[in-house]
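In what follows, a single structure is set out as structure tokens and then discussed.
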Ligand SMILES: Cc1ncc(COP(=O)(O)O)c(C=O)c1O
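Residue numbers (the numbering used here), protein chains in the order written: chain W, 1 to 153; chain P, 1 to 424.
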């Protein structure tokens with residue numbers, strides 16, 4: 001039983017789940033949105049600071065949730081810093097595929113960010129948990145699009 | 001798993017002890033319990049969300065489709081008459097089950113949720129106006145909250161909320177203090193689906209009736225566990241859902257006292273509920289048919305009736321003893337799991353055990369125990385206001401039914417220990 005579970009709950013995930021990075025509300029953020037997973041009642045707020053050139057200078061989040069959703073949010077804040085909005089969108093698409101599609105190539109050595117997110121690929125074996133892994137990303141998309149609310153439904 | 005060697009009858013007459021309850025025999029009636037999940041025997045601890053179905057229910061329904069099926073109340077032909085008889089005898093079965101005064105007090109709906117919407121809509125249209133008050137409790141399921149909020153938004157009524165204490169006890173005196181001249185209805189749960197608290201219904205109803213206020217009861221979690229007598233309780237309206245009572249989905253029960261039902265207008269319009277229709281004027285049937293527009297859930301009523309027969313043959317007192325035994329064993333056993341907190345320790349409880357763990361979110365708990373074949377409910381249990389009151393976003397919930405065993409409690413406890421290992 002423990003093999004699949006160890007694959008899902010890797011040390012990196014447990015670490016980010018316990019000690020999330022960028023868990024704060026930066027006063028200079030110029031984008032934010034609330035995300036909500038109606039299935040479990042978890043909610044998250046994502047804050048982004050985007051400069052005039054469309055480059056994401058900072059991403060942070062607040063909220064409580066399961067280990068998967070917190071770790072995913074935490075990792076997201078780390079990989080998105082310095083990306084453009086367009087690049088963030090592409091990365092979300094690749095990450096989403098990695099979480100849902102069998103055989104989707106996460107392990108692209110040229111794609112450093114996707115490499116880092118690879119630790120979350122274990123959710124593929126747990127379809128009920130994909131929404132946990134993507135909640136923060138959906139919320140970030142909503143923030144970028146200027147809508148205040150995102151849900152995983 | 002204990003071996004199905006004992007061939008005794010399910011419960012010896014007059015013996016209501018948990019020991020007399022032959023769980024191996026009960027398990028043999030539930031085909032799904034032979035399923036494996038991730039290579040482990042299914043340990044189904046989510047009966048409060050929906051119960052599994054015994055062979056007797058499944059067979060009653062397929063037997064109906066195979067031998068006795070037509071629309072009801074419509075044809076003069078033989079099949080229609082036989083089906084109508086089976087359907088209406090289902091109504092009698094439900095009436096006896098609740099000890100209703102008459103089968104005409106039993107209205108069939110799609111589920112409990114539809115019954116609440118029916119009552120909220122029909123009761124509001126004749127009895128509620130701006131500023132009138134409806135009293136509900138902190139422990140209500142969304143099905144007994146949201147329909148009243150819809151009425152509030154339409155008519156400007158006020159919802160008053162009965163508080164609970166930290167253990168999940170319903171606070172009777174605080175409840176009584178909420179009853180006032182504008183209170184038109186009390187709508188409370190009999191048993192909390194999230195905490196298992198049994199509400200002191202008799203006193204709730206007495207105190208409301210002392211002020212001539214009628215009471216609606218959500219019995220969804222009560223009827224699978226407790227013998228309910230609506231006349232002894234003097235409940236005015238009582239609602240339950242078939243699928244939690246080992247019956248099929250698609251069938252709910254709405255009981256109302258005759259003298260109250262007769263004054264309520266129809267809910268939906270259509271066939272079956274009319275006495276006569278012209279384009280100028282339509283007259284409606286008397287209850288219960290006034291509230292049953294369209295072709296009803298015919299075979300579901302037959303299935304529900306088989307489920308009631310099944311539960312009654314086991315004996316409701318024996319069931320309660322069996323489930324209480326499991327619940328107290330589970331509370332003791334789970335309390336030994338490191339970092340586990342029981343949520344809801346009311347004085348009187350049904351077979352529901354909610355908990356959180358210091359190291360893991362309920363969702364993570366649910367995922368991990370699932371790999372041992374254990375089906376737990378995790379989340380807010382459609383009772384978000386209650387979760388807010390308790391200061392948690394979610395809990396994990398084990399709920400026990402007639403087919404569960406102590407061995408299964410042990411499987412759960414061991415799985416929870418592995419949660420602690422992974423996260424601890
Ligand atoms: C206490 C309670 N009330 C109402 C309901 C609603 O039942 P249904 O979804 O069958 O309408 C449930 C079940 O989810 C429940 O547990």
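Where is the CB? At the ideal position from N, CA and C, for every residue including glycine.
Note that the coordinates shown come from a computational prediction; the quantities given were computed from them, not determined experimentally.
- Less than 6 Å between the CB of residue 268 of chain P and some heavy atom of ligand 1, yes or no? Stepping through the second chain from its first residue, residue 268 of chain P is reached at position 268. Answer for residue 268 of chain P: no, Cβ out of range of ligand 1.
- Message: From the DSSP secondary-structure annotation, give me the bridge partner or partners of residue 56 of chain W.
- Response: As a working mapping, residue 56 of chain W is identified with position 56 in the first chain. In DSSP, residue 56 of chain W forms a bridge with W:50.
- Meets three-Cβ-pair contact criterion under 8 Å: the segment 241-250 of chain P and the segment 295-313 of chain P: yes
- Query: Is the CB of residue 77 of chain P under 7 Å away from at least one CB in chain W?
  - Reply: Start at 1 with the first residue of the second chain, and residue 77 of chain P comes out as number 77. Cβ-Cβ to chain W under 7 Å: no for residue 77 of chain P.
- Through-space distance from residue 10 of chain W to residue 265 of chain P, alpha-carbon basis: To locate residue 265 of chain P, count along the second chain from 1; it is residue 265. To locate residue 10 of chain W, count along the first chain from 1; it is residue 10. C-alpha separation (whole angstroms): 59 Å.
- Using CA coordinates, which residue listed in P:66, P:391, P:376, P:389 is at the minimum distance from residue 400 of chain P? The residue you call residue 400 of chain P lines up with position 400 of the second chain. Nearest option by C-alpha distance: P:376.
- Contact check, residue 353 of chain P vs residue 330 of chain P under 8 Å by CB: the rounded distance? What you label residue 353 of chain P is simply residue 353 of the second chain in a count that begins at 1. What you label residue 330 of chain P is simply residue 330 of the second chain in a count that begins at 1. Indeed, because the Cβ distance is near 5 Å, the residues count as touching under 8 Å.
- Message: Any beta carbon from chain W within less than 7 Å of residue 138 of chain P's own beta carbon?
- Response: For the purposes of this step, residue 138 of chain P is taken as the residue at position 138 of the second chain. Chain W, which has no Cβ nearer than 7 Å to the Cβ of residue 138 of chain P, makes this no.
- Could you have a look at residue 1 of chain W and say whether DSSP puts it in helix, strand or coil? Your numbering for residue 1 of chain W matches position 1 in the first chain. Only weak support is given to the placement of residue 1 of chain W: the predicted model assigns it a pLDDT of 49, under 50, and the value that follows is read from those uncertain coordinates. Residue 1 of chain W: coil per DSSP, three-state reduction.
- Item | residue 47 of chain P - containing alpha helix (DSSP H), residue span | Residue mapping note: residue 47 of chain P aligns to position 47 of the second chain, counting from 1. From DSSP, residue 47 of chain P is part of no alpha helix (DSSP H); its letter is neither H nor E.
- Message: Is there a C-beta anywhere in chain P that falls below 7 Å from the one on residue 135 of chain W?
- Response: Here the question's residue 135 of chain W lines up with position 135 in the first chain. No - not a single Cβ of chain P is within 7 Å of the one on residue 135 of chain W.
- Interface residues of chain W facing residue 367 of chain P [CB-CB closer than 8 Å]: Position 367 of the second chain, counted from the start, is the residue given in the question as residue 367 of chain P. Per Cβ cutoff of 8 Å: 5, 8, 126, 128, 129.
- Task: Report all residues from its chain with a CB closer than 7 Å to the CB of residue 6 of chain W; omit the five preceding and five following residues, and keep chain order.
- Result: Within the first chain, numbered from 1, the residue matching residue 6 of chain W stands at position 6. If we look at residue 6 of chain W and ignore the five residues flanking it on each side, it has no Cβ neighbours.
- Closest Cβ-Cβ distance between residue 132 of chain P and chain W: below 7 Å? As a first step, residue 132 of chain P must be located in the second chain, where it is residue number 132. No, no contact with chain W.
- Message: Once the 5 residues before and after residue 368 of chain P are set aside, which same chain residues still bring their CB inside 6 Å of it?
- Response: On the second chain, position 368 is the one that residue 368 of chain P refers to. Here the set comprises 419.
- Query: Does any C-beta atom of chain P lie closer than 7 Å to the C-beta of residue 41 of chain W?
  - Reply: Within the first chain, residue 41 of chain W is the residue found at index 41, counting from 1. Closer than 7 Å to some Cβ of chain P, the Cβ of residue 41 of chain W qualifies, so yes.
- Can you list, in chain order, the residues of its chain whose CB lies under 6 Å from that of residue 122 of chain W, leaving out five sequence neighbours each side? Translated into positions along the first chain, residue 122 of chain W becomes position 122. Cβ neighbours of residue 122 of chain W beyond the five flanking positions: 7, 8.
- Message: With a threshold of 8 Å, are at least 3 pairs of Cβ atoms found where one atom belongs to the segment 271-290 of chain P and the other to the segment 117-125 of chain P?
- Response: no
- Message: Do residue 33 of chain P and residue 27 of chain P have their beta-carbon atoms positioned less than 7 Å apart in this structure?
- Response: Position 27 of the second chain, counting from 1, holds the residue named residue 27 of chain P. Position 33 of the second chain, counting from 1, holds the residue named residue 33 of chain P. Yes. Within cutoff.
- Starting from residue 122 of chain W, find everything on chain P with Cβ-Cβ shorter than 7 Å and list it in chain order. Looking up residue 122 of chain W in the first chain gives position 122. Residues of chain P passing the Cβ test: none, with the nearest at roughly 11 Å.
- Task: Would you please state the rounded distance, in angstroms, between the beta carbons of residue 169 of chain W and residue 79 of chain W? I believe it to be under 8 Å.
- Result: Limits of chain W in this structure are 1 at one end and 153 at the other, which puts residue 169 of chain W out of reach.
- Message: Among the candidates W:99, W:112, W:15, whose CA atom is the shortest distance from the CA of residue 87 of chain W?
- Response: Residue mapping note: residue 87 of chain W aligns to position 87 of the first chain, counting from 1. It is W:112.
- Task: Just grab the DSSP bridge partners of residue 170 of chain P for me.
- Result: Stepping through the second chain from its first residue, residue 170 of chain P is reached at position 170. According to DSSP, which records beta bridges pairwise, residue 170 of chain P is partnered with P:164.
- Query: Counting contacts by CB-CB distance shorter than 7 Å, is residue 66 of chain W in contact with chain P?
  - Reply: Residue mapping note: residue 66 of chain W aligns to position 66 of the first chain, counting from 1. Residue 66 of chain W counts as touching chain P.
- Message: Taking 7 Å as the threshold (C-beta atoms), are residue 100 of chain W and residue 55 of chain W in contact?
- Response: Position 55 of the first chain holds residue 55 of chain W. Position 100 of the first chain holds residue 100 of chain W. No. Outside cutoff.
- Unbroken stretches of the beta strand (DSSP E), 3 residues or longer, contained in the segment 75-143 of chain W: none
- Item | Neighbouring residues, chain W, relative to residue 430 of chain P (Cβ below 7 Å) | A question about residue 430 of chain P goes unanswered here, because the residues of chain P that appear run from 1 up to 424.
- Item | Cα-Cα separation, residue 132 of chain P to residue 385 of chain P | Counted from its first residue, the second chain places residue 132 of chain P at position 132. Counted from its first residue, the second chain places residue 385 of chain P at position 385. Their backbone Cα atoms lie some 22 Å apart in a straight line.
- So is residue 161 of chain P in contact with chain W if we call contact Cβ pairs under 7 Å? In the second chain, counting from the first residue as 1, residue 161 of chain P sits at position 161. Closer than 7 Å: no.
- Please state whether DSSP places residue 272 of chain P in a helix, a strand or coil. Against the second chain, residue 272 of chain P aligns to sequence position 272. Residue state, collapsed to three classes: coil.
- Message: Closest to residue 333 of chain P by C-alpha separation, out of P:230, P:365, P:412, would be which residue?
- Response: Taking the second chain and counting its residues from 1, the one referred to as residue 333 of chain P is at position 333. For the residues P:230, P:365, P:412, the minimum Cα distance to residue 333 of chain P belongs to P:412.
- Message: Counting only C-beta atoms, is residue 394 of chain P closer than 7 Å to chain W at any point?
- Response: The residue given as residue 394 of chain P occupies position 394 in the second chain. Yes, because at least one Cβ of chain W sits closer than 7 Å to the Cβ of residue 394 of chain P.
- Report yes if the C-beta of residue 109 of chain P is less than 6 Å from at least one heavy atom of ligand 1; otherwise report no. In the second chain, counting from the first residue as 1, residue 109 of chain P sits at position 109. Answer for residue 109 of chain P: no, Cβ out of range of ligand 1.
- Look at the alpha carbon of residue 13 of chain W and the alpha carbon of residue 72 of chain W, and state the distance between them as a whole number of angstroms. Looking up residue 13 of chain W in the first chain gives position 13. Looking up residue 72 of chain W in the first chain gives position 72. Distance between the alpha carbons of residue 13 of chain W and residue 72 of chain W: 8 Å.
- Can you tell me the Cβ-Cβ gap for residue 62 of chain W and residue 50 of chain W, rounded? I've got them flagged as a contact below 8 Å. Taking the first chain and counting its residues from 1, one reaches residue 62 of chain W at position 62. Taking the first chain and counting its residues from 1, one reaches residue 50 of chain W at position 50. So it is not a contact: roughly 18 Å between Cβ atoms.
- Message: Whole angstroms are fine: how far does the CA of residue 315 of chain P sit from the CA of residue 53 of chain P?
- Response: Along the second chain, read from residue 1 onward, the residue named residue 53 of chain P stands at position 53. Along the second chain, read from residue 1 onward, the residue named residue 315 of chain P stands at position 315. Taking the straight line joining both Cα atoms gives about 17 Å.
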